[in-house]
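Structure, as structure tokens:
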Amino acid sequence: MVAMRVATFAQSSKMISDALRVQAVMAEKQVQESSGIISSDLGGYGSDAQHVVNLQVSVTRAQSYIDAATLADSKVQVMYSAVGSMTDIITQLRSQLSAASTGSSTETNSVISSAQQMLEEMGSIMNTQYDGQYVFAGGRTDTAPVDLTGFSSGTGSLTTADSSYYGGDDELASVRVGAGETVSYGVTADNSAFEEVMRVLKFVANSTSLSSADISSALDLASTALDDTAAVQAKLSSAASSIETASARQADYKSYAETLSSDLTSVDVAAVTAELSTYESQLTASYSALGKILSLNLASYLK
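This is the structure in structure tokens:
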């Protein structure tokens with residue numbers, strides 16, 4: 001028997017086309033259900049595509065600011081700790097100079113000996129490294145900024161600055177923490193506060209004896225150095241606070257941008273699952289009806 005191809009052709013073609021369309025939609029919904037997003041490519045977002053791109057760029061940029069701030073903050077913390085060690089040294093020197101001011105030769109010899117060791121400690125502290133970089137070297141972070149070879153000989157002068165121990169440059173480190181926002185946090189080893197510490201240590205360490213006038217002058221310089229070093233540490237604390245505040249602000253913005261992006265790109269998985277169930281029912285009904293149409297022939301029609 002000849003099947004009723006002519007009579008059923010148009011109807012069956014439409015049903016097949018509808019079924020294929022439903023299958024395509026189901027395939028798309030299945031991908032959305034498994035991935036949780038509307039589309040794996042920007043073309044699937046239509047007019048929202050540019051908004052999605054802009055938000056993704058914003059998230060990436062914010063993260064780069066956060067990463068830079070985190071690294072800079074870690075450096076500042078290392079520098080802050082190092083300067084704290086310097087204040088400990090100058091505080092100890094003041095204490096021993098005060099003890100030597102009584103005129104005791106034992107105390108005088110003790111402070112001279114201690115100053116020699118402190119001078120070496122200061123050199124080591126100012127050559128502190130973090131992440132493979134010398135933090136007090138300015139822009140020359142790959143080279144130790146302090147060399148005491150020539151500096152540590154002779155008493156020098158308590159009144160004349162001498163930073164000949166320094167081999168770095170005058171570039172101060174800074175970090176970009178936002179669009180148009182930069183925080184300067186660098187401190188170099190020839191900073192005037194550090195130079196004062198080195199000057200008084202050199203004088204005391206290389207003296208064979210200390211007169212009461214020498215001790216008094218050394219105490220005055222040590223007191224100035226302590227105040228100035230504490231001021232450097234306070235400045236580092238302020239820089240750290242600024243960096244951390246900016247980083248927190250970028251983290252908030254990143255979270256906001258991610259939320260907006262998610263609103264544009266994410267799907268309601270529960271809703272998609274319900275839609276899939278509906279489409280599946282439609283597709284089953286379509287194929288069932290299509291099967292009946294395609295099975296018709298003249299003999300069955302005449303019965």
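Here the sequence shown stands for residues 1 to 303, where the numbers follow the UniProt record's numbering.
We put the CB at the ideal spot given by N, CA and C, even for glycine.
CB contact flag (residue i, residue j, <9 Å)
i, j, result
"residue 258", "residue 55", "yes"
"residue 126", "residue 93", "no"
"residue 100", "residue 85", "no"
"residue 68", "residue 176", "yes"
"residue 70", "residue 229", "no"
"residue 152", "residue 205", "yes"
"residue 133", "residue 147", "no"
"residue 74", "residue 131", "yes"
"residue 65", "residue 123", "no"
"residue 203", "residue 214", "yes"
"residue 261", "residue 52", "yes"
"residue 250", "residue 72", "no"
"residue 167", "residue 144", "yes"
"residue 79", "residue 187", "yes"
Exposed unless 16 or more other CB atoms sit within 10 angstroms - verdict on residue i
i, result
"residue 108", "buried"
"residue 195", "buried"
"residue 199", "buried"
"residue 284", "exposed"
"residue 83", "buried"
"residue 233", "buried"
"residue 7", "In this predicted model, residue 7 has a pLDDT of only 49, less than 50, meaning its place in the structure is not dependable; the value taken from the coordinates is given anyway. Label assigned to residue 7: exposed."
"residue 50", "exposed"
"residue 128", "buried"
"residue 227", "exposed"
"residue 212", "exposed"
"residue 104", "exposed"
"residue 278", "exposed"
"residue 298", "Note on residue 298: pLDDT 49, under 50, position unreliable in the model; the coordinate value appears next. When all chains shown are included, residue 298 counts as exposed."
"residue 231", "exposed"
"residue 95", "exposed"
"residue 246", "buried"
"residue 209", "exposed"
"residue 115", "buried"
Contact belief for residue i with residue j at Cβ below 8 Å, rounded distance in angstroms
i, j, result
"residue 90", "residue 225", "5 Å"
Below-9 Å beta-carbon distance, residue i vs any chain B residue
i, result
"residue 128", "In the displayed structure, chain B is absent; only one protein chain is listed."
Proximity test, residue i beta-carbon vs the ligand FAD heavy atom, cut-off 8 Å
i, result
"residue 156", "Absent from the structure shown: the ligand FAD. Ligands present: none."
Per the contact definition of three or more C-beta pairs closer than 8 Å, is the segment 176–183 in contact with the segment 211–220? no
When the Cβ atoms of the segment 158–176 are set against those of the segment 121–140, are three or more pairs found closer than 8 Å? yes
Pair every Cβ in the segment 154–161 with every Cβ in the segment 230–246, then say whether three or more of these pairs are closer than 8 Å. no
Assess contact between the segment 246–254 and the segment 58–65, defined as three or more Cβ pairs (one per stretch) separated by less than 8 Å. Is contact present? yes
Quick one: complete alpha helix (DSSP H) runs, 4+ long, within the segment 124–156? none
If we require 4 or more residues per run, which alpha helix (DSSP H) segments fall completely within the segment 146–234? 192–205
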